[in-house]
Each structure stands twice: as structure tokens, then as C-alpha cells.
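> Please read through the structure below; I'll follow up with questions.
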Amino acid sequence: MTGNTLTATGAARAIADGKLSSVELTTACLDRIDERADTVRAWLHLARDQALVLAAERDREQAADMLRGPLHGVPFGVKDVIDVARQPGTHNSPLHADRIAVDDAGCVALLRAAGGIPLGKTDTIEFAAGGRLPLTRNPHNPNHTAGGSSSGSGAAVADMQVPIALGTQTGGSVIRPAAYCGIYGMKPTWGVVSREGAKLYAATLDTIGWYGRSVEDVALVARIYGLILDPAPVVPEATQLKIAVCRTPYSDHASPTAQAALEDAVETLAKAGATIIPLELPLEFDHLNDAKEAIMRGEGRAAFLPHARAYGEALHDGLRSHTENRTGLTPARLKAALDYAAHCRVVFEAHYRGVDAILTFSASGEADIGLDYTGNPMLQSLWTVLHVPVVAIPTQDGPSGLPLGIKLVGFRFADAELLAVAQTVARVIDPWFGRVRIPG
């Protein structure tokens, strides 16, 4: 393996052991980006010189046996709605084309303190909300979308351009790109990772998430964010697992291909000895996506009203539809949506705590063709509203040769337990487990 094809955990271990330098790894990532820039288009800005200077510093520290932390010398990507000090923070909006961030966002600062190197800013839908679409293409087939809105981060990790990358999720913006690009992704429990320095869209939904090429990579970031404390949960054997299979009220949005991928995962886990039980969400959950839309509209209006006042019609029409309240959302309707979402969270916890995790669709199928649509969020959004942690796991390819995936859903503030289960499930169902899949 060359440096850029290593997982983040593998690269960090090699750097710590003196078998790979941070400069070598960072250079290999930059070379891969250059090789595939016109095909994948994952980045809005690359901090080449900054990154190489930091990599050289990390190498000097390693030589002096002064490792900063578990990510020492490993580069990472950052979705361009999350600030990185002294790098552009445009939010992929022409309104902020000249904006340079002063400070690191909280989630970036923690990775930097652990020894990580911010390599640059990845492509996103404008403000991660609406407007200008990302130019990022799926690394497995550039005629297809990489998903969104964390398009560039997902594609960059899948294409061996960077080992890990940060994204955000308000509806399905971390999990869907993970599924489309064939990698691992995590949306943690809402509120457990600092959003300081990230562009706000919907305050009660926005969540920092991240991508890696193994469960260990995803868990590494979770540990840096304080989600895994010692003693960590024991990774169970497959025979110890009790997994609930949930097709959700929105399962009609899953294509036959996605349905088959879920069934295959269920059969494989059952053969490995896991106990599988069906799970039907109660009828009262049927309106969670409607609630999500109301919450995004109401909280999005608050988030973008300052932009509307400052920029007027220069603000994209799709965002002005929020600030002008074109859907006629009333305060009573917003309050009802927020109360309903809170009620469903309590019901969910009370009824389904007896299982280790819930297995369900990651996305509606293979990545959509073209770049004018980043995919259907219906199969991700209800879990975002429920504030539960989610881990996306790649599975088989679809008939077009594009990746498919499933996701594991856990319970609020049980992120560490979910990651322990995910390690076992990934080992059983990921056909690329422990191997390198290089697109292109």
C-alpha cells in the first residue's frame, strides 16, 4: 500500500512507528488529488503549503518522541461549512467568496490537537442548505452524484485523497454520501460534538459527522471527540448480537436494489449467528419527515434571515424561500413539529432499548445519475430528527457497479456501544472488509 491508501488508523500507526512520514503521507494525498482533480472534483480549496509545513513539524515531533495524539501526522478534509483557521470559509456561496476563517471550528480544533493536519476544504451544497450545487462526482463513476450535501468529504475519502474527512448532517448529508461512495460514515448523537464554527442551518437538527475507510477510523475520530471513554464497550461476537431490522414508514422510497442489499445483510448476519428480529415503527412515527421539513423551514428562516437582510436578492432564491416563509409555516405548526419530534424520541427509547442496534437502509439505492440531484434524504432524515447515532457500512455493489450500503442505528448517547456493534457487523457484511478498494 502507498501512504494515501492506508486507513487513518493504519497511517497513524505507521507514522508513530517511524515506518511512514507525515510528509510522505501528505504528499501522496496531494498527488492523488492532482491525479483525480478533474474527475472527482472533491475540493474547493487545498492548503498545500500549510499542510506540508505542518507535516514536517509532525515528523520532527515524532523523531523527538513527542506525539501529539492518536491522529499525529494524518491529514483530514473539512466540509466548507466548517471553519479552519487561515483557510477560506466560503460555504460554497458567492456571497462569502472572500471570507477567510480566523479560528478553527471546535471539531477541527480537536482533530488538530490530536495531531491531525487540515488538508483543505471540501465541496458542499451552498450553506449545506440549498442554492449552488456541488460539482463533486462519484469516484466510482463520474457520471453519478457523490450524494450531498457533504459531497466532497465523502468522495475524497472514497477516492484515497484523504483518510478521513468531516461533514455535517441536517437531513441525510453524511450518511447518503457514505452509501453512494462505499465508505463508512458516522452521524453521532445530536449535540455531542461541538458545532462552534460551523454554519448553522437548523439548530435542533445540525450534527457534525465524519467519514473513514474502516469502523476503526470512525471510532478513532469518535474517541478524539470524547464519545468513547475507557473502559470502552467490548466488541461483541456475532452470536451475541440482537439486531432489529427496520424498514421504516418510508421503505417505499427504497429501490428493489436497496431492498435486496438489506435482505442480503440480514441473511448474512443470521448465518453468522446473530439474532434478528423485525421492527415496525409505530404509526405515530409516520410524520417524522413532515416534522423535519417544518423544523428546517422554521429554523432555517432564523439562520438565513441575516443573509437576506444583508444581501437581498443576491441570496439564492431557494434560501430566500425560507426567509420569506413561502410555505406559510406558522409558529403553532413549528411548535407542534418540535414537540412531536421530542415525543417520538421518548417513545423510541422506551420501546426499542432491548436490541443492540437497528439495521436499516442507508440510502434509496445506487447513486443517482447526473449532478443536478444529490439523492433522496427520506431514508436518513427520520433518524436525524430522533437525534440517534448512526453508522453507515458499505455492502455489495448494485447492478450498475456502484456501491450500496446499510446503516446501524443506536440510541442517544450510546455512540460507543453502537461503534462496538458496528465493528462486528462490518466484519460480517462488508465484502471489502480489510481490503483496499481504489476507484478509477
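Per this note's numbering, residue 1329 is the first one in the sequence shown, and the count goes up by one each step.
Backbone N, C-alpha and C fix where the C-beta goes; we use that ideal spot for every residue, glycine too.
According to DSSP, simplified to helix, strand and coil, what is Thr-1796?
Nothing about residue 1796 can be read from this structure; the chain reaches only from 1329 to 1768.
> Go to Val-1436, then tell me how far its alpha helix (DSSP H) extends in each direction, as first and last residue.
By one-based count along the sequence shown, residue 1436 stands at place 108. 1434-1441 is the extent of the alpha helix (DSSP H) around Val-1436.
> Going along the chain, which residues of its own chain have a beta-carbon closer than 6 Å to the beta-carbon of Tyr-1668, five neighbours each way excluded?
The residue given as residue 1668 occupies position 340 in the sequence shown. Ala-1619, listed in sequence order.
> Considering Cα atoms alone, identify which of Leu-1609, Ala-1748 and Thr-1585 is closest to Gly-1693.
Here residue 1693 is taken as the residue at index 365 of the sequence shown, counted from 1. Measuring from the Cα of Gly-1693, the nearest candidate turns out to be Thr-1585.
> With a threshold of 7 Å between beta carbons, is Ala-1748 in contact with chain C?
Protein chains in the displayed structure number just one, and chain C is not present.
> Report buried or exposed for Val-1402, applying the criterion of at least 16 other Cβ atoms within 10 angstroms of its Cβ.
The residue given as residue 1402 occupies position 74 in the sequence shown. Val-1402 is buried by the Cβ-count criterion.
> Out of Ala-1720, Leu-1590 and Gly-1458, which has the shortest C-alpha to C-alpha gap to Tyr-1529?
Taking the first residue of the sequence shown as position 1, residue 1529 is located at position 201. Measuring from the Cα of Tyr-1529, the nearest candidate turns out to be Gly-1458.
> Do Gln-1724 and Ala-1589 have their C-beta atoms closer together than 7 Å?
Stepping through the sequence shown from its first residue, residue 1724 is reached at position 396. Stepping through the sequence shown from its first residue, residue 1589 is reached at position 261. Yes.
> From the DSSP output, which residues share a beta bridge with Ala-1493?
The residue labelled residue 1493 in the question sits at position 165 within the sequence shown. DSSP lists Gly-1405 and Tyr-1539 as partners of Ala-1493.
> Could you give the distance in angstroms between the alpha-carbon of Ser-1350 and the alpha-carbon of Lys-1515?
Counted from its first residue, the sequence shown places residue 1350 at position 22. Counted from its first residue, the sequence shown places residue 1515 at position 187. Going by the C-alpha atoms only, they are around 28 Å apart.
> Asp-1725 lies in the beta strand (DSSP E); which residues open and close that run?
For the purposes of this step, residue 1725 is taken as the residue at position 397 of the sequence shown. Unbroken beta strand (DSSP E) run through Asp-1725: 1718-1725.
> Ends of the alpha helix (DSSP H) at Tyr-1508?
Mapped onto the sequence shown, residue 1508 falls at position 180. Here the alpha helix (DSSP H) through Tyr-1508 covers 1503-1509.
> Can you check DSSP and say which residues form a bridge with Leu-1607?
Counted from its first residue, the sequence shown places residue 1607 at position 279. Cys-1574.
> With 16 other CB atoms within 10 Å as the buried threshold, where does Lys-1663 fall?
As a position in the sequence shown, residue 1663 is number 335, starting the count at 1. The residue in question, Lys-1663, is exposed, as its Cβ has fewer than 16 Cβ neighbours within 10 Å.
> Using 8 Å for Cβ pairs, my map puts Val-1368 next to Pro-1467. What's the rounded Cβ distance?
The residue given as residue 1368 occupies position 40 in the sequence shown. The residue given as residue 1467 occupies position 139 in the sequence shown. So it is a contact: roughly 5 Å between Cβ atoms.
> Taking all protein chains shown into account, decide if His-1400 is buried (16 or more other Cβ within 10 angstroms of its Cβ) or exposed.
Here residue 1400 is taken as the residue at index 72 of the sequence shown, counted from 1. Buried, since its Cβ has 16 or more Cβ neighbours within 10 Å.
> Where does Ala-1526 sit, in a helix, a strand or coil, going by DSSP?
Looking up residue 1526 in the sequence shown gives position 198. Strand, per DSSP.
> Could you give the DSSP three-state label for Arg-1465: helix, strand or coil?
The residue given as residue 1465 occupies position 137 in the sequence shown. Residue state, collapsed to three classes: strand.
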